[in-house]
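This report refers to the structure that appears directly beneath it.
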């Protein structure tokens with residue numbers, strides 16, 4: 001335990017953005033969703049209709065989890081936080097658990113720290129304490145926001161508390177993953193596999209209304225009934241999961257060599273493949289993981305929606321509030337929802353790929369590569385091309401999955417062509433998002449994280465515009481809105497052409513800028 | 523090896539100035555490296571050695587001054603030039619997900635004149651395990667990857683920026699042997715180093731710089747003609763310039 005307080009001070013001084021930023025963003029998501037829901041379902045009748053439609057759908061259960069206490073506004077808010085909360089909270093927990101331990105160990109910080117009067121086990125203990133502090137910030141800010149909105153006082157305490165316990169449990173899992181894997185990348189992959197497995201397990205149990213809700217921690221938040229009669233076992237289970245994960249992490253930390261892990265490292269190839277020695281081969285090798293990851297999310301999302309499309313359309317038809325908010329052709333509404341989110345995931349692919357170029361430059365590896373006979377113009381254009389192609393591959397993979405799933409569930413092959421044609425409408429926003437990220441990287445690689453901010457807003461518009469009752473002007477800041485809600489509405493060809501022109505100008509500006517400035521490291 | 527005999531001066535730098543905002547990294551630096559010589563490039567930390575090498579690579583746009591490398595402008599003609607030179611950075615950062623063997627092949631192939639046989643010989647000589655992921659390498663092993671990648675090419679000019687940092691004494695000795703072979707081949711080396719014994723053992727001529735300016739350029743023998751050690755020569759010039 002020696003050195004825990006010194007480490008806590010160090011974490012607060014050096015990692016405060018990681019400790020406070022995600023906590024506030026998650027609290028903002030919870031409070032904003034609650035605010036939107038409150039306006040959408042103001043009367044007891046509206047809440048009853050919601051419970052009878054959204055709350056009675058196996059597709060909805062599989063997607064968002066079991067709806068409980070849906071005749072109360074708090075219960076509806078919790079259901080609407082739904083799958084976003086189920087995925088984002090453990091992801092933040094993993095970021096904290098791994099980011100405060102293995103990532104710093106990889107950077108050499110822990111070597112330096114533990115050469116002083118700091119025990120090896122102090123590192124995960126201090127990370128656990130500051131991580132818990134982060135979740136307390138989340139719970140208290142959420143509680144204050146919900147209370148200010150006029151939600152039930154007890155629920156304002158219990159709902160954020162059970163979400164914080166959920167996050168703490170995954171911070172513990174992150175600490176354990178950070179001890180098991182030798183690198184932070186391996187730890188994040190291990191954590192992501194657990195999150196996806198937990199979500200799929202929960203979707204199966206909840207979708208089929210099985211009784212084994214204990215199987216996945218993602219079922220436990222609803223099982224606690226935070227807006228009804230409080231049930232203790234889920235809270236205790238979260239604490240138990242965290243305690244076990246932390247105990248194993250501490251046992252490993254006390255025994256392993258610094259820099260090593262428990263999972264074995266395989267030896268790789270002694271020589272590079274022929275393609276790896278080319279700019280395109282190198283760019284693809286370094287970015288294919290993120291491309292596969294985002295594309296897999298898009299395909300899973302679209303397949304799930306496609307298989308449930310008919311039922312979701314029925315829910316929208318039966319819920320007048322939803323029908324009024326979303327439009328009068330429910331099956332097309334489902335396609336729009338799927339394709340806009342797929343377009344945003346495709347934008348994420350593009351940003352991730354082009355951002356990697358900036359990361360390479362900051363790590364001095366671009367300088368090493370450009371010491372060879374490849375011009376910087378060629379390297380830049382090839383990398384930008386890979387970013388655009390990868391982004392479009394994500395978009396069309398999702399659209400293909402959506403069309404095939406709808407074909408399988410509905411029996412109409414026409415949906416396949418419709419979804420692929422509709423995806424074409426979203427090519428312009430996807431390319432623009434990617435190219436603007438490229439322009440930021442070309443200006444300075446330090447700006448690459450800024451590219452994620454507008455995409456975050458486009459995601460809020462795409463997912464929650466109705467729930468948050470966003471004004472039209474703020475929705476139109478998203479290029480995904482500007483092209484029209486295809487296939488529900490016809491493509492706005494003028495907007496599409498303007499977006500393509502804007503992307504062309506941004507691409508030219510990025511190329512000129514990268515060609516004329518010094519590399520930041522080399 | 524494709525060496526152009528008509529180019530007797532490989533690097534010609536006159537009054538180089540490079541400013542980063544209000545910081546002046548190069549303040550009128552002069553440097554001349556002749557064909558076939560091993561040229562030592564010395565100076566304290568922050569003197570501008572790495573900045574000069576990055577300018578020679580065409581990775582930095584100079585504020586003013588004239589620089590030619592193998593008769594070409596490195597900023598405008600970098601790709602053509604880079605086929606004729608190879609570079610070892612002072613602190614090599616590799617792609618952590620690739621193996622050491624993949625990293626040195628990537629660097630070698632992007633340079634364009636990698637000799638596979640020579641590459642395999644050097645992997646053996648520097649006792650490098652090419653199947654391990656770069657993220658598991660020590661600083662010395664990362665440096666070996668960059669060295670093997672550069673030395674296995676057919677480059678006429680080698681730009682070595684503190685190439686032996688992190689290497690153990692046995693590997694340092696093998697590095698000296700390898701550079702002597704390179705010298706025998708008639709290739710040109712610009713060697714930036716803080717290890718004065720290494721510079722003394724390898725270099726024909728030396729340029730000492732400080733605060734972005736050239737303090738002196740001469741042969742090693744001329745610099746220590748009055749019987750003083752090379753360490754004392756360096757320190758004397760360092761003191762005179764400050």
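Residue numbers (the working numbering), protein chains in the order written: chain A, 1 to 522; chain B, 523 to 764.
The C-beta atom is built at its ideal place from N, Cα and C for all residues, glycine as well.
Excluding sequence positions up to five before and after residue 2(A), its CB lies within less than 7 angstroms of the CB of 117, 118, 119 and 122, all in the same chain and listed in chain order. Interface with chain B (7 angstroms Cβ-Cβ cutoff): residue 14(A) is excluded. Cβ proximity to chain B below 8 angstroms picks out 516, 517, 518 and 519 from the stretch 503 to 520 of chain A. Listed along the chain, the chain B residues whose CB falls inside 9 angstroms of the CB of residue 179(A) amount to none; the nearest CB is some 17 angstroms away. Of the residues assessed, residue 385(A) falls on the exposed side of the cut-off, its CB having fewer than 16 other CB atoms within 10 angstroms. Against residue 486(A), chain B offers no close residue; the least beta-carbon distance is about 38 angstroms (beta-carbon pairs closer than 9 angstroms). Put simply, of 343(A), 185(A), 227(A) and 216(A) the residue whose alpha carbon is nearest the alpha carbon of residue 431(A) is 343(A).
Within 10 angstroms of the beta-carbon of residue 507(A) lie 16 or more other beta-carbons, which makes it buried. DSSP links residue 759(B) through a beta bridge to no other residue. The beta carbon of residue 199(A) lies closer than 7 angstroms to those of 86, 87 and 218 in the same chain, with the five residues before and after it left out. The closest CA to that of residue 404(A), considering only 195(A), 300(A), 425(A) and 75(A), is found on 300(A).
Nearest to residue 267(A) by alpha-carbon distance, out of 550(B), 595(B) and 620(B), is 620(B). Of the candidates 676(B), 701(B), 675(B) and 678(B), the residue whose Cα lies closest to the Cα of residue 685(B) is 701(B). Annotated three-state conformation of residue 278(A) is coil, per DSSP. The closest CA to that of residue 312(A), considering only 368(A), 406(A) and 494(A), is found on 406(A).
For residue 276(A), the residues of chain B that pass the 9 angstroms Cβ criterion are 620, 624, 627, 628 and 631, in the order they occur in the chain. One thing to note: residue 272(A) has its Cβ no nearer than 7 angstroms to the Cβ of residue 609(B).
Nearest to residue 652(B) by alpha-carbon distance, out of 681(B), 709(B) and 626(B), is 626(B).
The beta carbon of residue 576(B) sits closer than 7 angstroms to some beta carbon of chain A. In the DSSP annotation of this structure, residue 614(B) is not part of any alpha helix (DSSP H), being labelled neither H nor E. In the displayed model, residue 396(A) falls within a helix according to three-state DSSP. For residue 451(A), no beta strand (DSSP E) segment is defined, and its DSSP state is neither H nor E.
For residue 271(A), at least one C-beta of chain B is nearer than 7 angstroms to its own C-beta.
Counting C-beta atoms within 10 angstroms of its own C-beta, residue 332(A) has 16 or more neighbours from the protein chains shown and is therefore classed as buried.
Shown here, residue 272(A) sits in coil according to DSSP, grouped into three states, outside any helix or strand. In this structure, the CA atom of residue 617(B) is about 13 angstroms from the CA atom of residue 665(B).
By the neighbour-count definition (other C-beta atoms within 10 Å, threshold 16), residue 170(A) is a buried residue.
Under the criterion of beta carbons closer than 8 angstroms, residue 612(B) and residue 728(B) do not qualify as touching, at roughly 18 angstroms. Residue 160(A) sits close to residue 143(A), with the two beta carbons spaced by under 7 angstroms. The DSSP-derived three-state label of residue 714(B) is strand. Neighbours of residue 286(A) in chain B, taken as residues whose beta carbon is under 9 angstroms from its own, are 617, 619 and 620 in chain order. Of the candidates 84(A), 347(A) and 98(A), 98(A) places its Cα closest to the Cα of residue 172(A).
Taking 7 angstroms as the cut-off, the beta carbon of residue 615(B) is found no closer than this to the beta carbon of residue 185(A).
Exclusion of the five residues before and after residue 426(A) leaves 339, 340, 342, 343, 346, 395, 480, 483 and 486 as the residues of its chain whose Cβ lies within less than 8 angstroms of its Cβ. Residue environment analysis places residue 55(A) among the buried positions, since at least 16 neighbouring C-beta atoms fall within 10 angstroms of its C-beta. The beta-carbon of residue 262(A) is placed no less than 7 angstroms from the nearest beta-carbon of chain B.
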